[in-house]
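Per the UniProt record's numbering, the sequence shown starts with residue 1, numbered consecutively.
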Amino acid sequence: MKKAAYIIIFILTLLLTGCNDGKPKGTTSKMTIEPYTLNEHEKLLVSKTGVGHIDYFKLNGTLGEDEDLELSVELFKNGEFQEELMKTWGALDKKYKDILLSFGISDFNGEDDSEKIIKLISGMPSGVASTNYTTTMTASSIGNLIGTKITLKKNEPVYLVAWVGTTKNSLRSIGSVNGELPEGIIDFETALLYKIVLTNKDKE
């Protein structure tokens, strides 16, 4: 069933992107990303995936010959960066027109009641990447970190979605508008942040 859900997410990403081949008639000197709001029919399709929460984003622009896009999930604890849990790079296309990216989160019970498994799913037209993160957090919240179109700048991360957790009795929401690292991230015991970065292509 889990494999089927990933396939559905992949197909939905392709369908929602539309029937274009990702190559606009004109070119642009910049890459932009913005939130994508599903219509009612699309929401119905997404509900069939079984994924607890999914955010969609629309990508437009043209990459330079030596440029690439990196997508990753960063782990923070009490505001301190720990590691990258998942990372994809090596863009297959140079031109993007209304290409959709998706990020989904589901949680499952761990081996005992004190553990929860967070499944992180990154959907792209080229495929789906996923990883699991085991946590002991007892309460969590998810926040979208961009509210408008953002122009990507070289080597400057744009944070798209945040999952935050706590073992305490209360948990405030997390948010941002322009994709910057949330100022209040130090207040959360655990945070998982999904981001995109315009980078130089790996020469190796």
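Glycine is no exception: its CB is placed at the ideal position from the N, C-alpha and C atoms.
Distance between residue j and residue i (C-alpha atoms, nearest Å)
| i | j | result |
| --- | --- | --- |
| G123 | S170 | 31 Å |
| L198 | E67 | 7 Å |
| K50 | M137 | Looking at the sequence shown, residue 50 is not Lys but Gly. Answer to the nearest angstrom: the Cα atoms are 22 Å apart. |
| S178 | I33 | Checking the sequence shown, residue 178 turns out to be Asn, not Ser. Approximately 11 Å between the Cα atoms of the pair. |
| S72 | I121 | 11 Å |
| G52 | E156 | 29 Å |
| N39 | D98 | 15 Å |
| E65 | K116 | 42 Å |
| N132 | L44 | 26 Å |
| M31 | S126 | 18 Å |
| D202 | D113 | 43 Å |
| D93 | E42 | 25 Å |
| D187 | R172 | 9 Å |
Reduced DSSP secondary structure (H/G/I, E/B, other) of residue i
| i | result |
| --- | --- |
| I174 | coil |
| V51 | coil |
| L45 | helix |
| D187 | helix |
| E40 | helix |
| K94 | coil |
| T28 | Its pLDDT being 38, under 50, T28 is placed unreliably by the model, and nothing is read from it. |
Residues that residue i bridges to, as DSSP identifies them
| i | result |
| --- | --- |
| T131 | L120 |
| D107 | I118 |
| K195 | S72, Y159 |
| G143 | A162 |
8 Å CB neighbourhood of residue i in its chain, flanking five on each side removed
| i | result |
| --- | --- |
| Y36 | L16, Y56, F57, K58, L100 |
Where residue i falls, given that 16 or more other Cβ within 10 Å makes a residue buried
| i | result |
| --- | --- |
| S47 | exposed |
| I150 | buried |
| C19 | In this prediction, C19 has a pLDDT of 44, which is less than 50 and means its spatial position is unreliable; what the coordinates show is noted afterwards. Flag for C19 reads exposed. |
Contact set for residue i: own chain, Cβ-Cβ below 6 Å, skip 5 residues either direction
| i | result |
| --- | --- |
| L69 | A91 |
| K154 | L198 |
| I174 | G143, A162, V164, P182 |
Close-in-space but distant-in-sequence residues of the same chain around residue i (CB under 7 Å, 5 per side omitted)
| i | result |
| --- | --- |
| A129 | M86, T88, S122 |
| T167 | T136, M137, T138, E189 |
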